[in-house]
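As structure tokens, the structure follows; a few thoughts come after it.
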Amino acid sequence: MTVASYPPAPREYFLRDARYMARALVGAWLVRSAPGDVRVVRIVETEAYRGPGDAACHARAGLTRRTRTLLGPPGFAYVFLVYGRHECFNVVCLRDGSGHAVLIRAAEPVTGIARGSRCDGPGRVARAMGITRAEDGCDLTGQPLYVSPRQGRVSVGVSARVGVAYAGEFAGRPWRFFDRASAHVSRPPASAIGLGNGKE
DNA sequence: CATATGATTCCA
DNA sequence: GGAATCATATGA
Numbered sequence: 011m012t013v014a015s016y017p018p019a020p021r022e023y024f025l026r027d028a029r030y031m032a033r034a035l036v037g038a039w040l041v042r043s044a045p046g047d048v049r050v051v052r053i054v055e056t057e058a059y060r061g062p063g064d065a066a067c068h069a070r071a072g073l074t075r076r077t078r079t080l081l082g083p084p085g086f087a088y089v090f091l092v093y094g095r096h097e098c099f100n101v102v103c104l105r106d107g108s109g110h111a112v113l114i115r116a117a118e119p120v121t122g123i124a125r126g127s128r129c130d131g132p133g134r135v136a137r138a139m140g141i142t143r144a145e146d147g148c149d150l151t152g153q154p155l156y157v158s159p160r161q162g163r164v165s166v167g168v169s170a171r172v173g174v175a176y177a178g179e180f181a182g183r184p185w186r187f188f189d190r191a192s193a194h195v196s197r198p199p200a201s202a203i204g205l206g207n208g209k210e
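Count the first sequence with this note's numbering and you get residues 11 to 210, in order.
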């Protein structure tokens, strides 16, 4: 397999609500293609963040230094630091100023990922792909970092988002999506099907 | 300027 | 179970 097997998605691919974008990204590929550094992972878990009206979305703060790319045009990377140590990688979508984005929460190593390096968990995905805040605002429709659409079918599970308990009624919205067949989802899918996970 | 906290991970 | 660790957002 070469990078040619994973063509970049065009801008139009990103012009949709985060709910649909998040679902579409399950099974899609995230590719880093730079001279001497080719990495590919298969996305298996995502979450939708839906703009200023979503109490869990950073866009609720309005236009600030941090939300500049989140509130920018679709098809670009929104990368932020959480808990002072972990970078989180998001795909901005829908339309310029909408504040919609999809958090990539977990992936499966495909190519160029160091052996033993895990990709389950948003901080780990970013680290495995070498994504830092330096990539914030990066255009995702071409090299060096891009998304390649899913090939084939995927059975997608749905659950509430993780780590957003502070968001009131929005904490329970079923805006997390994952590949039911993947062993690399960051949390047990059991929490997903409404059976509860013993917490919260 | 001061302070609280987080879209998490790692270790005990 | 709890600490780590710092940029951001918010309020004085």
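Cβ atoms here follow ideal geometry from the backbone N, Cα and C, with glycine treated the same way.
Since this is a predicted model, take the numbers as computed values, not measurements.
Alpha carbon of residue i to alpha carbon of residue j, nearest angstrom
i	j	result
C103	R125	32 angstroms
A65	R186	15 angstroms
C148	M31	18 angstroms
V164	E55	12 angstroms
S169	D47	35 angstroms
R70	A28	15 angstroms
G118	T74	It is worth fixing the name first, because residue 118 is Glu in this sequence and not Gly. Distance between the alpha carbons of E118 and T74: 33 angstroms.
R190	A144	32 angstroms
T12	V157	15 angstroms
V213	A116	Nothing can be reported for residue 213, as the shown portion of the chain is limited to 11 through 210.
A38	P20	14 angstroms
G94	C129	19 angstroms
R137	L40	13 angstroms
A14	G72	39 angstroms
A202	R134	Reliability fails at A202, whose pLDDT of 47 lies under 50, so the model's placement of it is uncertain and no value is given.
M139	A177	29 angstroms
R197	V36	15 angstroms
F188	G109	22 angstroms
Three-state secondary structure assigned by DSSP to residue i
i	result
H194	coil
A44	strand
L155	strand
I203	Residue confidence is low: I203 scores 47 on pLDDT, short of 50, so the model does not pin down where it sits. Its coordinate-derived value is still stated next. Three-state result, I203: coil.
Y93	coil
Cut-off 7 angstroms between Cβ atoms - residues of its own chain near residue i, not counting five sequence neighbours on either side
i	result
P154	R42, S43, A44
L113	T56, E57, Y59, C98, N100, P132
G2	Residue numbering for the chain in the displayed model covers 11 to 210; residue 2 lies beyond these limits and cannot be assessed.
R26	C103, L104
P159	A19, Y23, A38
Cβ-heavy atom distance, residue i to the ligand ATP, below 8 angstroms
i	result
G178	By its list of ligands, the structure shown contains no ligand whatsoever, and the ligand ATP lies outside what it can speak to.
Option in the options with minimal Cα separation from residue i
i	options	result
A111	R95, P84, A136	P84
G61	A116, R52, R49, R78	R78
D146	V120, Y88, A136	Y88
R49	V92, Y16, G63, G162	Y16
G122	A34, L35, V51, P18	V51
E179	G63, T151, F86, L150	G63
Beta-carbon contacts of residue i that lie in its chain and below 8 angstroms, excluding the five residues immediately before and after
i	result
R76	H68, F90
P184	V168, S169, A170
T142	V89, E97, A136
Own chain residues within Cβ distance below 6 angstroms of residue i, not counting five before or after
i	result
V92	C98
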